[in-house]
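Notes to accompany the following structure.
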Amino acid sequence: MRRILITGGAGFIGSHLAEAILAVGDAVVAVDDLSTGSFRNVSHLTGERFELVVASVDDAATMEGLVRAADLIYHLAAAVGVKLIVSDPVRTIETNIRGTEVVLRLANKWRRPVVVASTSEVYGKSERVPYAEEHDMVLGPTSHSRWAYAASKAIDEFLAVAYYRRDGLPVVIARLFNTVGPRQTGRYGMVLPTFVRQALAGEPITVYGDGHQSRAFTYVSDAVAALLELPRHEAAFGEVFNVGGGREITIMELARLVRERTASESEIVMVPYDEAYAPGFEDMVRRVPDISKLQRVTGYAPSVSLEETIDRVAEHYRQHPGFV
Ligand code: UDP
5 MRRILITGGA GFIGSHLAEA ILAVGDAVVA VDDLSTGSFR NVSHLTGERF ELVVASVDDA
65 ATMEGLVRAA DLIYHLAAAV GVKLIVSDPV RTIETNIRGT EVVLRLANKW RRPVVVASTS
125 EVYGKSERVP YAEEHDMVLG PTSHSRWAYA ASKAIDEFLA VAYYRRDGLP VVIARLFNTV
185 GPRQTGRYGM VLPTFVRQAL AGEPITVYGD GHQSRAFTYV SDAVAALLEL PRHEAAFGEV
245 FNVGGGREIT IMELARLVRE RTASESEIVM VPYDEAYAPG FEDMVRRVPD ISKLQRVTGY
305 APSVSLEETI DRVAEHYRQH PGFV
């Protein structure tokens with residue numbers, strides 16, 4: 005039995021990853037400060053092989069013991085959600101940079117393999133789609149808080165690669181693309197849980213901007229499968245991988261599809277970006293991953309369709325009335 009440490013283990017992706025690890029008989033220690041993660045995400049996992057430590061990842065004293073006792077670390081703890089990032093850039097930058105510094109320094113000290121979760125946000129507003137790992141990052145000015153997220157995660161990636169190159173730390177970087185599924189909250193702005201909740205409540209579905217912007221959504225169990233697979237491959241260490249792969253869809257089409265799948269009569273309304281986020285907010289027009297590198301190294305293939313994803317998210321809302 006291996007002991008796997010998941011930072012951000014009470015978050016949406018962390019809790020699904022914990023479930024998958026427990027299912028194969030390994031043990032999980034989740035560390036989470038419960039700022040955006042929540043006990044309700046992991047309450048069903050409590051048992052002999054699962055432990056939740058409520059602490060911040062930048063608490064080096066606590067983290068040292070946890071890292072030392074782990075066979076493998078998934079570093080998922082981060083400030084998350086465009087709304088939160090725009091409203092609290094100090095917290096975003098400090099959480100993302102300090103936490104990763106602590107995790108990587110300790111992993112290096114105790115020679116523990118690490119998977120660092122990054123984000124498709126690092127491609128910024130590049131229009132060169134599909135995005136491949138070696139493409140340039142195209143970020144806006146520092147006066148626009150949104151880019152603080154991409155820049156802070158890019159620093160995390162630089163640091164991880166630097167540890168690999170200098171000290172041979174076995175580290176893999178996963179750039180997650182719009183991961184969605186049950187237990188994701190809409191509270192920090194994520195579109196799919198927001199649309200599904202609105203559709204089920206008969207409230208207006210809020211499409212920001214003109215709705216022509218597109219994304220490719222990844223069902224959480226597909227993302228988790230990639231996270232489990234990556235550190236099994238020697239060739240993955242020191243490398244960055246896009247993790248995603250659903251079909252591209254515009255946000256307006258997504259709103260219509262959600263309305264159709266939930267048999268909702270909600271109207272679809274358009275909300276200007278300035279009103280939705282902050283004046284001067286810049287959105288990505290298209291965000292689509294090239295996952296050939298991930299496929300080549302791990303044999304990965306996403307398996308859950310967007311329709312099935314919407315149905316499962318809707319089912320979660322039906323089973324947990326009041327979940328936001
Ligand atoms: N969005 C929207 N309505 C909402 C929330 C988000 O139209 O209620 C849009 C958002 O502006 C973006 C897309 O949906 O174009 C995806 O947003 P999300 O925050 O889920 O992820 P992002 O790809 O921006 O990180």
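Position one of the sequence shown corresponds to residue 5 (the numbering used here), numbered consecutively onward. In this text, a Cβ means the ideal position worked out from N, Cα and C, and glycines have one as well.
Assumed close pair residue i, residue j - CB separation to whole angstroms, cut-off 8 Å
i: N182; j: F241; result: So it is not a contact: roughly 26 Å between Cβ atoms.
i: E233; j: Y304; result: 6 Å
i: N246; j: P306; result: About 12 Å; that fails the 8 Å criterion.
i: A203; j: V262; result: 5 Å
i: M288; j: Q217; result: 7 Å
i: M5; j: G85; result: Rounded, the Cβ-Cβ distance is 34 Å, inconsistent with contact.
i: E161; j: V126; result: 7 Å
i: R265; j: D315; result: 6 Å
i: D36; j: G15; result: 7 Å
i: A83; j: I89; result: 6 Å
Residue i (DSSP reduced to helix, strand or coil)
i: M274; result: strand
i: E243; result: coil
i: E52; result: coil
i: P293; result: strand
i: T266; result: coil
i: V119; result: strand
i: S218; result: strand
i: D226; result: helix
i: V133; result: coil
i: L78; result: Per the sequence shown, the amino acid found at residue 78 is Tyr instead of Leu. DSSP places Y78 in strand when its eight states are reduced to three.
i: R72; result: helix
i: Y321; result: helix
i: T146; result: coil
i: V84; result: coil
i: Y304; result: coil
i: A31; result: strand
i: L173; result: coil
i: G128; result: strand
i: T183; result: strand
Beta-carbon proximity of residue i to residue j, cut-off 7 Å
i: S122; j: R179; result: yes
i: A81; j: G51; result: no
i: S149; j: R291; result: no
i: L196; j: V211; result: no
i: P208; j: E271; result: yes
i: P117; j: P276; result: no
i: V119; j: V176; result: yes
i: L9; j: L56; result: no
i: T99; j: A152; result: no
i: A22; j: R7; result: no
i: V106; j: A64; result: yes
i: R201; j: G190; result: yes
i: S156; j: I101; result: yes
i: K297; j: Y192; result: no
i: E238; j: G144; result: no
i: D226; j: V308; result: yes
i: P174; j: H320; result: no
Environment of the ligand UDP in chain order, Cβ to heavy atom below 5 Å: V86, G193, M194, V195, T198, T210, V211, Y212, Q217, I255 and D287
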